[in-house]
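The structure appears below as structure tokens.
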Amino acid sequence: MAAVFTKQNENGEGQLVLFTYPSTSDDDETSQSSVHNLTKTFKNLLAGGVLNKTTHLIITGSWVFDDKKISEIQTHYGALLSRDAWEKNTNERAAAAQNNRKPPPYLSPGKRIMGIVRNKSFGSQRRAARIYERSIGIRYVVAIIDLIGNNLKSFTWASELPFHKSLLFHLPRGIETLDINLNVSSGNTTAKHHSEQLTMEDLQPLCEFRELRDLRIVGMKISFQPLIWEVVWLNSKLEELELGMAENPTAKGVNGKAWTVVSKDWYPNDDFTNNGYRGQDGAGPLDSSFGNGEYLDALTIRKARVTVAQNVSHSLGNLPILTLRLCGFVVDDMPFRQYFEKLECLELYDGCIDAGFTLNNYLAARVHLVWGGGIEESAPIIPHISTTRSGDVNILEFAEMMHALQMEDEEQSETRSVLESNGKEDGDEGDENTHKGTHRFKSRFKETFDLKARFTEILD
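Take the sequence shown: its position 448, counted from the start at 1, is 448 in full-length UniProt numbering, and no numbers get skipped.
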């Protein structure tokens with residue numbers, strides 16, 4: 001595991017890159033686990049004191065599970081299941097007594113624990129352990145976001161650790177750049193996590209942001225267009241929008257004529273105009289009669305505008321977008337007939353399908369059109385950053401860097417006071433609240449988040 005802080009201005013503020021892949025420098029076998037190394041990295045971050053200088057946070061890299069944890073998690077989850085079994089057994093015995101029926105055999109503590117654990121399949125044990133490890137990883141990232149606070153202006157998620165909905169509740173509402181990849185894969189077989197599919201409701205907190213200038217959401221497995229276009233209308237400063245699907249569309253075309261797949265050999269047809277709507281009543285996907293996939297839906301954009309207009313005091317003009325990048329979309333001319341008057345650059349990557357795309361004379365004269373080529377699946381691609389360049393410092397060298405920057409004593413004492421106060425907190429939530437800890441969200445009404453209690457859980 002590694003983290004690299006790069007100073008970007010004279011105030012010492014800069015970018016923190018957190019790698020979720022494990023370090024191979026340790027002789028300790030457990031260093032091959034992402035969770036183990038993330039624990040060490042987090043403690044070094046607290047000691048180094050760079051979090052209050054971080055304005056850009058990037059989470060990237062593969063995710064490696066610690067299968068040696070299975071026995072520990074097996075006991076934990078077995079106990080949870082045993083309590084359920086014991087409660088059911090108790091209720092059944094009570095009901096039998098009330099109805100003068102013969103009660104079932106009493107399930108003693110020893111029998112219920114051994115019985116449940118013995119019957120639990122190895123695959124179920126492994127899944128339980130991996131769910132637990134992912135929850136720990138997310139909680140560490142949430143803790144880092146909360147410590148950075150409102151200084152955070154840019155957040156990038158390009159890690160094989162699945163993006164979790166709770167992260168959106170903790171990002172400061174004044175953030176300007178948001179870059180999320182929902183489907184990162186390095187081909188690492190140990191990282192097959194069968195993560196829960198995010199829903200439209202899970203991404204609803206995006207509508208609370210108002211200062212976005214650059215929004216990138218790629219790796220989408222379902223359509224989020226109704227929500228995304230609401231976000232665009234709500235953020236008048238949003239100039240760059242990039243949308244990418246996890247899978248490319250497949251289209252049948254119309255009247256026996258196949259639509260053209262955008263590639264380096266494709267060229268827009270200025271004479272062709274599409275006169276038909278191809279979507280599903282503004283939902284985002286292509287109508288099944290034309291194929292399968294995501295459709296750049298003009299009706300979705302219009303519906304989102306109506307929804308936002310009903311909830312804001314100012315009038316809505318055109319979309320603020322200057323640059324639009326698409327990957328895996330079916331595109332025609334309908335979205336560009338209105339609302340895109342400010343557009344300056346349109347990029348259509350491999351996987352897009354031309355279903356009658358053209359630009360009107362006004363846009364054709366001002367829009368720089370780029371097509372062909374593949375969009376980076378986990379952009380920005382973060383290499384192993386050398387620690388020899390000026391300003392790039394490995395996490396293990398944070399203490400020396402902080403001394404060089406001559407951090408003020410009050411900043412250092414503030415970090416120490418947080419840790420000292422954490423030690424005074426009672427970490428009494430217990431095993432049954434372990435899962436709840438991953439869903440302890442920040443209130444939409446700016447309710448204070450209890451950092452101390454969560455740090456007690458993490459550091460104990």
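Just so you know, even glycine gets a beta-carbon here, dropped at the ideal spot from N, CA and C. Remember, it's a predicted structure, so these values are computed and weren't measured experimentally.
Counting C-beta atoms within 10 angstroms of its own C-beta, Ala-143 has 16 or more neighbours from the protein chains shown and is therefore classed as buried.
In the DSSP annotation of this structure, the continuous segment of the beta strand (DSSP E) that includes Ala-158 starts and ends at 154 to 159. Distance from Trp-259 to Ala-355 at the Cβ level is roughly 5 Å; contact confirmed, criterion being Cβ atoms closer than 8 Å. Across the set Tyr-140, Phe-329 and Asp-265, the C-alpha of Phe-329 shows the shortest separation from the C-alpha of Met-220. By the Cβ test, the segment 49 to 69 is in contact with the segment 138 to 152, since at least three Cβ pairs between them sit closer than 8 Å.
Between Lys-342 and Ile-321 the beta-carbon gap is near 7 Å, inside 8 Å, which marks them as a contact. For Ser-288, there are no CB contacts under 7 Å within the same chain when 5 residues up- and downstream are skipped.
In the structure shown, Val-17 falls within a strand segment according to DSSP collapsed to helix, strand and coil. Asn-361 sits exposed, since fewer than 16 C-beta atoms from the chains shown fall within 10 Å of its C-beta.
Around the Cβ of Asn-269, a 10 Å sphere holds fewer than 16 other Cβ atoms; the residue is exposed. In this structure Pro-335 is buried. Its beta-carbon is surrounded by 16 or more other beta-carbon atoms within 10 angstroms.
For Arg-210, there is no enclosing alpha helix (DSSP H), since its DSSP letter is neither H nor E. In the structure shown, Trp-371 adopts extended strand secondary structure according to DSSP, grouped into three states. For Arg-325, the enclosing beta strand (DSSP E) stretches over residues 323 to 327. Under the three-state reduction of DSSP output, Leu-203 falls in the coil class, being neither helix nor strand. Pro-285 is bridged by DSSP to Glu-294. In this structure, the beta-carbon distance from Phe-5 to Thr-60 does not fall below 8 Å. Three or more pairs of CB atoms, one per stretch, sit closer than 8 Å, so the segment 209 to 224 contacts the segment 246 to 265. DSSP lists Phe-19 and Ala-158 as the beta-bridge partner residues of Thr-60.
Listed as beta-bridge partners of Leu-241 by DSSP are Leu-215 and Leu-324.
Per the coordinates, the alpha-carbon of Asn-318 lies some 16 Å from the alpha-carbon of Arg-210. One thing to note: Val-232 has its Cβ no nearer than 8 Å to the Cβ of Leu-206.
For Leu-178, the uninterrupted beta strand (DSSP E) segment begins and ends at 177 to 181.
Listed as beta-bridge partners of Glu-347 by DSSP are Arg-325 and Val-370.
In this structure, the beta-carbon distance from Leu-45 to Ala-3 falls below 8 Å. C-alpha of His-170 to C-alpha of Ile-145: approximately 7 Å in a straight line.
In this structure, Val-331 is the residue among Val-331, Asp-265, Pro-226 and Gln-310 with its C-alpha nearest to the C-alpha of Gly-276. Here Gly-149 carries a helix assignment [DSSP, helix/strand/coil]. When secondary structure is reduced to three states using DSSP, Phe-224 falls in the coil class, being assigned neither helix nor strand.
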